[in-house]
Amino acid sequence: MKRKILTHFDRLYTPQDRGESIKGTKMNELLVIEDAFIVIEDGKIIALGKNEDYQLWINESSMVIDYSGTIALPGFVDSHTHLVFGGSRENEFGKKLNGVSYLDILAAGGGILSTVRATRLASEDELVMKAKKALDDMLLLGTTTVEAKSGYGLDLENEIKQLQAAKMLSQIHPIDIVTTFMGAHAIAPEYKENKQGYIDLIINEMLPQIKELGLAEFCDIFCEHGIFEVEDSYKILEAAKKLGFKVKVHADEIVSLGGAELSAKVGAISAEHLMAASDEGIKMMGEKSVIANLLPATTFSLMKNTYAPARKMIEHNVAVALSSDYNPGSCPSSNLQFVMQLGCLYLRMTPYEVLTATTLNGAYAIGRNKSVGSLEVGKSADIAIMDAPSLDYIYYHFGKNHIKDVYKNGELVVSSKQVVYK
Ligand code: IZC
Ligand code: ZN
């Protein structure tokens, strides 16, 4: 492959990988290079530095591309999405605007269960085509790696269909997709009066089969009052760990249940949401190095003012990641730039902390830290090139897509805000 030399960036910003997720106040330490260049070969970064040195890298096959007037960032990592689903839920919008809560809509058979009905009816191809459009939207906004959860099948056949769709998408789309099994997303309708029966099905049939088929690396659970209680979650996550899954927990999103504490106890790689996490739970997460994966666009979409206590987490030396939570119910937007803007405006994170949270810490939360999450020699050339003079500019001017070009594995996949991959 031809060597590409990207030159004359006004600035390059990146967290630096030191072999573990970036915790607490260290999240605010970025490498910033003024007048920067990046050299790409065979899909990887082979050099970067001050522009005055780029000519040293020119060879007979190199292509030099001038990026004056832009800044370079690592491609964004969206480490929490429910990417693959059938149908949509704007029919519930009126109810939401009238104050009916997310959990009440679910208890009445809507919400997640409405998406389960639509997902069961869809073919694998239909799921792929629908999610592919969402992936294009993400790529156009600078996202180059995505985690995708199942959890809209709630039976073995349809959970497998969802995960296979995600695997297929990873092959046909430039965005790399990491899969998570989330059969414990709601109680399957067939087990409405028999939650224990559904938990047994997950533990005895679903988890072993998904493992055997190699369809997911992670196992996640919706630990929430009236859905999977802390004790249920503990049993399922321990069973998943025994089979070799790494585990995650949707914890303390709506009610403070002890989900943060649970994530520390089971040694989860990350805990998600945490809007209602207790001080003790946050402390335990810091001690056990559980990444706090915060999803502020969900808080926004649910019209709440209870944003997760990111500052407290950073004070307690927790590594924070930020993700979209893209799903048809609580966050129909996959816009990670908007998530970053909310990270500053509502979580009161600094611009540098927010970049760490949406790149390297996201990569750690899905086990892709060796290949993505920072602009460093040896890592994949996943680069978000922004039409902006500084990082602050992007977060300050919210509601606008600041992408100019995107490179994934060294290939130009978005050019002047258009997807151009083959
Ligand atoms: O479809 O509502 N919170 N699960 C837990 C979701 C949101 C996704 C959904
Ligand atoms: Zn979620």
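Numbers given in this note's numbering equal positions in the sequence shown, counted from 1, plus 9. Positions of the beta carbon are idealized from the N, C-alpha and C atoms, including for glycine.
For glutamine 427, which of helix, strand or coil comes out of DSSP?
Glutamine 427: strand per DSSP, three-state reduction.
Report yes if the C-beta distance between glycine 33 and histidine 91 is below 9 Å; otherwise report no.
Not a contact, by the Cβ cut-off of 9 Å.
Just reading off the alpha helix (DSSP H) that valine 137 is part of, what are its end residues?
133-149 is the span of the alpha helix (DSSP H), which, as asked, contains valine 137.
Would you mind working out which of Tyr430, Asn418, Lys431 and Asp414 sits nearest serine 424, comparing C-alpha positions?
Nearest option by C-alpha distance: Asp414.
In the DSSP assignment, find the alpha helix (DSSP H) that holds asparagine 370 and state where it starts and stops.
From DSSP, the alpha helix (DSSP H) with asparagine 370 extends over 369-374.
Check whether the Cβ of proline 198 sits closer than 8 Å to any heavy atom of the ligand IZC, and report yes or no.
No, the Cβ of proline 198 stays beyond 8 Å of every heavy atom of the ligand IZC.
Using beta-carbon positions only, say whether alanine 366 and glutamate 156 come within less than 9 Å of one another.
Cβ atoms of alanine 366 and glutamate 156: not closer than 9 Å.
Given this structure, state the Cα-to-Cα distance separating tyrosine 24 from leucine 144, to the nearest angstrom.
Before going further, note that residue 24 is proline rather than tyrosine in the sequence given. One C-alpha to the other measures close to 25 Å.
Run the CB neighbour count on alanine 117, radius 10 Å, all protein chains shown included, and call it buried at 16 or more, exposed below.
Exposed, because fewer than 16 other Cβ atoms sit within 10 Å of the Cβ of alanine 117.
Can you determine whether any heavy atom of the ligand NAD sits closer than 8 Å to the C-beta of isoleucine 14, and answer yes or no?
The ligand NAD is absent from the structure shown, which contains only the ligand IZC and the ligand ZN.
If I follow the unbroken alpha helix (DSSP H) through threonine 124, where does it start and stop?
Start and end: 121-130.
Assign glutamate 50 to one of three DSSP states: helix, strand, or coil.
The answer is strand: DSSP assigns glutamate 50 an E or B state.
Quick one: Cα of isoleucine 392 to Cα of glutamine 205, how far?
Their backbone Cα atoms lie some 46 Å apart in a straight line.
Any heavy atom of the ligand IZC closer than 8 Å to the Cβ of cysteine 340?
Flag set: Cβ of cysteine 340 near the ligand IZC.
Using 9 Å as the limit for Cβ to Cβ distance, is proline 341 near chain D?
No chain D appears in the structure shown, which is made up of a single protein chain.
Exposed or buried, what is glutamate 38 when buried is set at 16 or more other beta-carbons lying within 10 Å of its beta-carbon?
Exposed is the call here.
Which residues bound the alpha helix (DSSP H) around glycine 268?
Counting along the chain, the alpha helix (DSSP H) containing glycine 268 begins and ends at 268-274.
Can you give me the start and stop residues for the alpha helix (DSSP H) that alanine 301 sits inside?
First-last for alanine 301: 300-303, but that is the beta strand (DSSP E), not the alpha helix (DSSP H).
Just confirm the distance between the C-beta atoms of glycine 96 and alanine 127, as a whole number of angstroms; I'd bet it's less than 8 Å.
Correct: roughly 3 Å between the Cβ atoms.
Would you list the one or two residues that DSSP bridges to lysine 158?
Bridge partners of lysine 158: Thr189.
When you compare the CB positions of valine 275 and leucine 246, do they come within less than 9 Å of one another, or not?
For valine 275 and leucine 246, yes; Cβs fall inside 9 Å.
Going by the DSSP bridge assignment, what does isoleucine 263 pair with across the sheet?
DSSP lists no partner for isoleucine 263.
In whole angstroms, what separates the C-alpha of leucine 224 from that of leucine 172?
Rounded to the nearest angstrom, the two C-alpha atoms are 6 Å apart.
The alpha helix (DSSP H) with valine 348 in it runs from where to where?
Counting along the chain, the alpha helix (DSSP H) containing valine 348 begins and ends at 345-354.
Does at least one heavy atom of the ligand IZC sit under 8 Å from the Cβ of glycine 160?
For the ligand IZC, at least one heavy atom lies less than 8 Å from the Cβ of glycine 160.
What is the residue span of the alpha helix (DSSP H) that tyrosine 404 lies within?
From DSSP, the alpha helix (DSSP H) with tyrosine 404 extends over 400-405.
Under 8 Å from any heavy atom of the ligand IZC, does the C-beta of alanine 94 make it?
The sequence shown places phenylalanine at residue 94, not alanine. At least one heavy atom of the ligand IZC is nearer than 8 Å to the Cβ of phenylalanine 94, so yes.
Expressed to the nearest angstrom, what Euclidean distance is found between the alpha-carbon atoms of histidine 123 and isoleucine 323?
Per the sequence shown, the amino acid found at residue 123 is serine instead of histidine. Cα-Cα distance, rounded: 37 Å.
Does DSSP classify aspartate 396 as helix, strand or coil?
Coil at aspartate 396, not helix or strand.
Measuring only the C-alpha atoms, how far is histidine 282 from threonine 307?
Between histidine 282 and threonine 307, the C-alpha separation is close to 9 Å.
Write down every uninterrupted run of the alpha helix (DSSP H) in the region 278-325 whose length is 4 residues or greater and which is fully enclosed by it, in chain order.
Counting whole runs of 4 or more residues, the region 278-325 contains the alpha helix (DSSP H) stretches 288-296, 305-310 and 319-324.
Name the DSSP beta bridge partners of threonine 16, please?
According to DSSP, threonine 16 bridges with Asp75.
Check whether the Cβ of phenylalanine 231 sits closer than 8 Å to any heavy atom of the ligand IZC, and report yes or no.
Checking the Cβ of phenylalanine 231 against the ligand IZC gives yes.
Given 8 Å as the limit, tell me if asparagine 336 has its C-beta closer than that to any heavy atom belonging to the ligand ZN.
Flag set: Cβ of asparagine 336 near the ligand ZN.
I need the DSSP call for tyrosine 335, collapsed to helix, strand or coil.
The answer is coil: DSSP assigns tyrosine 335 none of H, G, I, E or B.
Lysine 297 to alanine 273, Cα distance in whole Å?
Going by the C-alpha atoms only, they are around 6 Å apart.
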